[in-house]
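The sequence shown runs 16 to 162 under the numbering used here.
Glycine included, C-beta positions come from ideal geometry on N, C-alpha and C.
A short worksheet on the structure shown next.
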Amino acid sequence: MQLIRLKKLRYTSSFGFTLIELLVVLVILGLLAGLVGPQVMKYLGGAKTDSARLQIENIASSLELYRLDVGHYPNSSEGLQALIEAPPGASSWNGPYFKKKQVPKDPWGNDYHYRSPGEYGPFDIYTLGADNADGGESENRDVVSWQ
Numbered sequence: 016m017q018l019i020r021l022k023k024l025r026y027t028s029s030f031g032f033t034l035i036e037l038l039v040v041l042v043i044l045g046l047l048a049g050l051v052g053p054q055v056m057k058y059l060g061g062a063k064t065d066s067a068r069l070q071i072e073n074i075a076s077s078l079e080l081y082r083l084d085v086g087h088y089p090n091s092s093e094g095l096q097a098l099i100e101a102p103p104g105a106s107s108w109n110g111p112y113f114k115k116k117q118v119p120k121d122p123w124g125n126d127y128h129y130r131s132p133g134e135y136g137p138f139d140i141y142t143l144g145a146d147n148a149d150g151g152e153s154e155n156r157d158v159v160s161w162q
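Printed below as a string of structure tokens:
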């Protein structure tokens, strides 16, 4: 009888983790998160910049379709909204020129800037990046149609 009790006692005490083992695992996970986290955030910031560049190319394509239909690009006062609703006097307008019937926002939730005639071409489309201010580095860098 006593032999059976010792075997049961030995098996039941070997299950589970000690507090030290759990703390070591938590420290290792914390170190990994501290090393990997910044790299992941840098990668996500670059993805938003790439997404903005692609959206600007799509907007430029929509503007080209508008020009083919109407004969000119929308002016700065009409803006990108002319791709959603026909501006006055655009009798051959054949839009909307976006699948979703709204002008897309940049990946940071801000409106794209549009001017026509542009300083660098027939039109300029740009976003000011994550900080929504001129200039900047990395994720705060402006994304423009003329580069």
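Min CB distance residue i to chain C below 9 Å
i: GLY45; result: The question asks about chain C, but that chain is absent: this structure has only one protein chain.
Buried or exposed by the 16-neighbour rule on C-beta atoms within 10 Å, applied to residue i
i: PHE138; result: buried
i: ALA5; result: Nothing can be reported for residue 5: it is not among the residues displayed for the chain, which extend from 16 to 162.
i: THR64; result: buried
i: PRO122; result: buried
i: VAL42; result: exposed
i: ALA97; result: buried
i: VAL40; result: exposed
i: PRO103; result: exposed
i: VAL85; result: buried
i: VAL158; result: buried
Proximity winner among the options, relative to residue i (alpha-carbon distances)
i: PRO111; options: GLU100, ILE35 and ARG156; result: GLU100
i: GLY94; options: ILE140, GLN162, LEU46 and LEU38; result: ILE140
i: SER160; options: THR142, THR33 and VAL40; result: THR142
i: ASN125; options: LEU34, ASN147 and GLN162; result: ASN147
i: LYS114; options: ILE35, GLN70 and ALA105; result: GLN70
9 Å Cβ cutoff met for residue i and residue j
i: PRO119; j: TYR127; result: yes
i: GLY136; j: ALA67; result: no
i: SER131; j: TYR88; result: yes
Beta bridge counterpart(s) of residue i as assigned by DSSP
i: VAL158; result: THR142
i: TYR135; result: Note: TYR135 sits in no beta bridge, so no partner.
i: HIS128; result: TYR141
i: LYS120; result: ASP126
Q. Within the chosen definition, does the stretch 42 to 55 reach the stretch 65 to 76 through at least 3 CB pairs nearer than 8 Å?
A. no
Q. Any contact of the stretch 78 to 89 with the stretch 103 to 117, i.e. 3+ C-beta pairs under 8 Å?
A. yes
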